[in-house]
Amino acid sequence: MNGLAKRIRRFRRRFTWGWFFTYAGMLVLVGFTALPLVYMVSTAFKPIDEIFLFPPRFFVRKPTLSNFGDLVAAVDSQVVPFLRYVINSLFTTIMTVVLTVTITSMGAYSVDKIKFLGRKAIFRIVILSLMFSPPAAQIPIYMAVSRLGMIDTYWALIVPNLATPMYFFLMKQFISQIPDSILESARIDGATEFRTYLSVAMPMAKAAISTVVVFSFTANWNNAGGSIIYITKQAMRTLPFAMSTISAGGLARAGAAAAAVFLTTLPTIVVYVFMQSRVIKTMAFSGIKG
Amino acid sequence: MGSMDEAATSRIRLLNERHIRRQKRRTQLTGYLMLLPYLLVFVVFIIIPVIWGLVLSLTHYNIVQPMRWAGLTNYIEMFTNDDLFLTAFRNTLTFAIIAGPVGFLSSFLFAWVINQLKFRNAFSLAFYAPSITSGLALSVVWLYLFSPDRYGFVNNLIIRTGIIREPILWTMDPDSIMPLVILISLWMSLGAGFLTNLAGLNNIPHDLYEVGAIDGVRNKFQELLYITLPQMKPYLLFNAIMSTVAALNVSDLATAIAGFPSPDYAAHTIVVHMNDYAFTRFELGYASGIAFFLFLFNFTLGRIFMKLLASDD
């Protein structure tokens, strides 16, 4: 009883109308941004008669898993089992993310924290390349991939995506916020430059790394382009490609398509939640209260 | 005594200098080696393709016939003989002028507010969720919500309330296509800038706020103005550039919503135009010209942002 009264009193003291409206406003807004997602989840579990219901209904009445069965049946009926697409996607995406984070953070650290000739010029060129529209370079990139003999290999789905200027720029902006004095004290303690990067700078750049992981996972997981352009073998194609063949199936496959969208989206949400919780944790550990 | 001391110190200094020089050289070497993997991929898959694209833009090339030198013909053609390009340019500008600044400002505002709320993890997930999902996958959902018949969710809702009798032709009426594309694109693209801002806000040392409080910062607004915004400059610059690039390159979403060609070319953007020339007509020279023009335009805007938001380099 006493505890409750205390809590109410504390709440009263903290409560202001300004915060109340902020929370209310944000809830409405977040409701708007989450709306189509909720719809997507709900549709994935709708039986076929509810999908074509008139007037349409937002939430599912009698949830069913039949759409997922339809989905697997639709994709599986081809030569390649459904699981193969999932594995292809997982393998190429994880490889891309890990390699991207590694080479980008190393490069950004060296450009920002190690004094060597030409580093400023190199960073200028990276900034410049930010402004080039990716579709514009598609044809020359295809030429490069084919010249390097990467057509019909998993490399074609990994290597061309590794040097995204946007991630380099983001990483460099973060690393430049790390005070030089901290790195200097590590160097005085006898740490090599690489050691300083790995054990001092990287833990401090966890927020940047998590952000790049989320960006790069999302981009590569959802990208059907590489699989269409560089791969001709059905067994090496990725999930988004398989999904696009389902959506092309028209109304008869509307349920399967909804299930497909739901399944494709799930891993990215898991990655996001996991990485974001790490950001918050890091902050708590480094003594910076959020 | 004195001379011996001097000799010893100068010897030590010499050794020290040599040691420092050797260490410096080793550090520089590490620097180059650490940059090398990125640089390699960057040069092969970005720099060379971009230069190759510039060369292509100065030629007539359609894969089948041999390449012919064109000089600036492609660029002149664009502005004097291609009405559709001018339409695309105008549409892209309309889109960018609204979606760019609105996206930039609101992604900061929402990150700033959400960062101060309880349950901010839940809030930020709900806010970032649209960006997580692939645009094309979700456009199925949007097409259903804004379906231009009675089955569409939004139409159904408005008709039931009695405001209108006939369904609004969202994706078919040239007047409503662009606003719809802007709305959906804002909804989908806020997340990237939002996430960057959130990470940046988390990176501001907490003691800065305490120092600020001692120095006479009174309210949230002053805190935002004198502490948060100056600290956020690098991230704001990043977001300004990224939202410009994204806005000027809008294409997939426009075709997913309005189809290709869109009614009255209302959703015909520069990149849609370029893709048309590159991948259906295979006029690669002309397509590269469009791409390079877009790059120059992007670049000019980027320079302006850098002048406005530059910190050191």
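Line by line, the protein sequences are chains W and D. Each residue of the first sequence is one higher than the one before, starting from 4 at the first, in the working numbering. Each residue of the second sequence is one higher than the one before, starting from 947 at the first, in the working numbering. Built from N, CA and C at the ideal position, the CB exists for glycine as well. Values in this document were obtained by computation on a predicted structure and should not be read as measured data.
Within chain D, the residues that residue i reaches when beta carbons sit closer than 7 Å
i, result
"Val89 of chain W", "Chain D residues near Val89 of chain W: none, gap ~15 Å exceeds 7 Å."
"Met169 of chain W", "Met1188"
"Val63 of chain W", "Those do not exist, as Val63 of chain W stays about 14 Å from chain D at its closest Cβ, beyond 7 Å."
"Ser113 of chain W", "Gly977, Met980 and Leu981"
"Phe23 of chain W", "What Phe23 of chain W touches in chain D: nothing, since even the nearest Cβ is about 12 Å away."
"Thr107 of chain W", "Tyr984"
Through-space distance from residue j to residue i, alpha-carbon basis
i, j, result
"Pro1209 of chain D", "Phe1035 of chain D", "17 Å"
"Met1188 of chain D", "Leu1147 of chain D", "18 Å"
"Phe1184 of chain D", "Arg64 of chain W", "45 Å"
"Tyr145 of chain W", "Gly1235 of chain D", "18 Å"
"Ser202 of chain W", "Gln974 of chain D", "19 Å"
"Val1048 of chain D", "Leu32 of chain W", "15 Å"
"Val274 of chain W", "Ser213 of chain W", "9 Å"
"Ser69 of chain W", "Pro50 of chain W", "7 Å"
"Gly290 of chain W", "Leu1154 of chain D", "Residue placement at Gly290 of chain W cannot be trusted, given a pLDDT of 35 that sits under 50; what the coordinates show is reported in the next sentence. Cα to Cα, Gly290 of chain W sits roughly 13 Å from Leu1154 of chain D."
"Gln141 of chain W", "Asn1008 of chain D", "15 Å"
"Val276 of chain W", "Thr1117 of chain D", "34 Å"
"Ala263 of chain W", "Arg240 of chain W", "16 Å"
"Leu1333 of chain D", "Phe1238 of chain D", "This structure cannot speak to residue 1333 of chain D, because chain D is shown only from 947 to 1259."
"Tyr88 of chain W", "Ser230 of chain W", "11 Å"
"Ile1104 of chain D", "Ala1045 of chain D", "26 Å"
"Phe135 of chain W", "Phe94 of chain W", "28 Å"
"Gln1011 of chain D", "Ala1233 of chain D", "16 Å"
Closest by C-alpha distance to residue i, when choosing among the options
i, options, result
"Ser280 of chain W", "W:Val89, W:Ala210 and W:Phe126", "W:Ala210"
"Thr1040 of chain D", "D:Ala1233, D:Phe1073 and D:Asn1195", "D:Asn1195"
"Thr1033 of chain D", "D:Ala1233, D:Lys1253 and D:Ala1213", "D:Ala1213"
"Val1059 of chain D", "W:Leu30, W:Pro206, W:Pro270 and W:Asp73", "W:Leu30"
"Lys236 of chain W", "W:Phe62, W:Tyr26 and W:Asp155", "W:Asp155"
"Ile161 of chain W", "W:Phe23, W:Asn226, W:Gly28 and W:Ala77", "W:Asn226"
"Ile1173 of chain D", "D:Ala1192, D:Ala1193 and D:Pro1151", "D:Pro1151"
"Asn1037 of chain D", "D:Met1124, D:Tyr1223 and D:Pro1180", "D:Met1124"
"Pro270 of chain W", "W:Phe61, W:Ile130, W:Ile90 and W:Trp22", "W:Ile90"
"Thr1215 of chain D", "D:Asp1198, D:Gly1098 and D:Glu1229", "D:Asp1198"
"Phe294 of chain W", "W:Pro168, W:Leu7, W:Ser136 and W:Pro206", "The shown model of chain W, from 4 to 293, leaves out residue 294 of chain W, and the question about it has no answer."
"Met1252 of chain D", "D:Gly1231, D:Lys1179, D:Leu1240 and D:Asp1119", "D:Lys1179"
"Val148 of chain W", "D:Thr1201, D:Pro995, D:Ile1109 and D:Arg959", "D:Pro995"
"Gly1205 of chain D", "D:Val1127, D:Pro1176 and D:Glu952", "D:Val1127"
Coil, strand or helix - residue i by DSSP
i, result
"Trp158 of chain W", "helix"
"Trp1116 of chain D", "coil"
"Arg1014 of chain D", "strand"
"His1219 of chain D", "helix"
"Phe288 of chain W", "Below a pLDDT of 50, predicted positions are generally treated as unreliable, and Phe288 of chain W, at 42, falls in that range; no measurement from the model is reported."
"Asp1258 of chain D", "Its pLDDT being 48, under 50, Asp1258 of chain D is placed unreliably in this model, and the coordinates cannot settle the point."
"His965 of chain D", "helix"
"Thr1280 of chain D", "Outside the modelled stretch of chain D, which goes from 947 to 1259, sits residue 1280 of chain D, for which no answer is possible."
"Phe1065 of chain D", "coil"
"Phe171 of chain W", "helix"
"Gly293 of chain W", "A caution first: Gly293 of chain W carries a pLDDT of 31, below 50, which makes its placement in the model too unreliable to give a value."
"Lys118 of chain W", "coil"
"Phe62 of chain W", "coil"
"Phe1241 of chain D", "helix"
"Thr19 of chain W", "coil"
"Gly1108 of chain D", "coil"
"Asp1210 of chain D", "helix"
"Thr1026 of chain D", "helix"
"Glu952 of chain D", "helix"
"Arg87 of chain W", "helix"
"Val264 of chain W", "helix"
Contacts of residue i in chain W (Cβ-Cβ under 7 Å)
i, result
"Tyr1074 of chain D", "Tyr275"
"Leu1030 of chain D", "The contacting residues do not exist; Leu1030 of chain D stays about 17 Å from chain W at best."
"Val990 of chain D", "Ala147"
"Ala1202 of chain D", "Residues of chain W passing the Cβ test: none, with the nearest at roughly 11 Å."
"Tyr1181 of chain D", "Gln176"
"Ile1078 of chain D", "Thr221, Thr268, Thr271, Ile272 and Tyr275"
Cross-chain neighbours of residue i in chain D, by beta carbon under 8 Å
i, result
"Phe197 of chain W", "Thr976 and Met980"
"Leu173 of chain W", "Thr1142 and Phe1184"
Chain-ordered neighbours of residue i on chain D, where CB pairs are closer than 9 Å
i, result
"Met29 of chain W", "Phe1056, Val1059, Ile1060, Leu1063, Phe1069 and Phe1073"
"Gly110 of chain W", "Met980, Leu981, Leu982, Pro983, Tyr984, Leu985 and Phe988"
Alpha helix (DSSP H) segment containing residue i, residue limits
i, result
"Ala124 of chain W", "Arg122 to Leu133"
"Gly1046 of chain D", "Asp1029 to Ile1060"
"Asn223 of chain W", "Lys209 to Asn225"
"Tyr200 of chain W", "Note, Tyr200 of chain W: premise wrong, no alpha helix (DSSP H); not H, not E."
"Ser1197 of chain D", "Note, Ser1197 of chain D: premise wrong, no alpha helix (DSSP H); not H, not E."
Where residue i meets chain W, residues with beta-carbon distance less than 9 Å
i, result
"Thr973 of chain D", "Ile117, Lys118, Phe119, Arg190, Thr195 and Glu196"
Amino acids of chain W, ordered along the chain, whose beta-carbon sits closer than 8 Å to that of residue i
i, result
"Asn1244 of chain D", "Met134, Phe135 and Ser136"
"Ala1045 of chain D", "Within chain W, no residue comes near Ala1045 of chain D; the closest Cβ sits about 16 Å away, beyond 8 Å."
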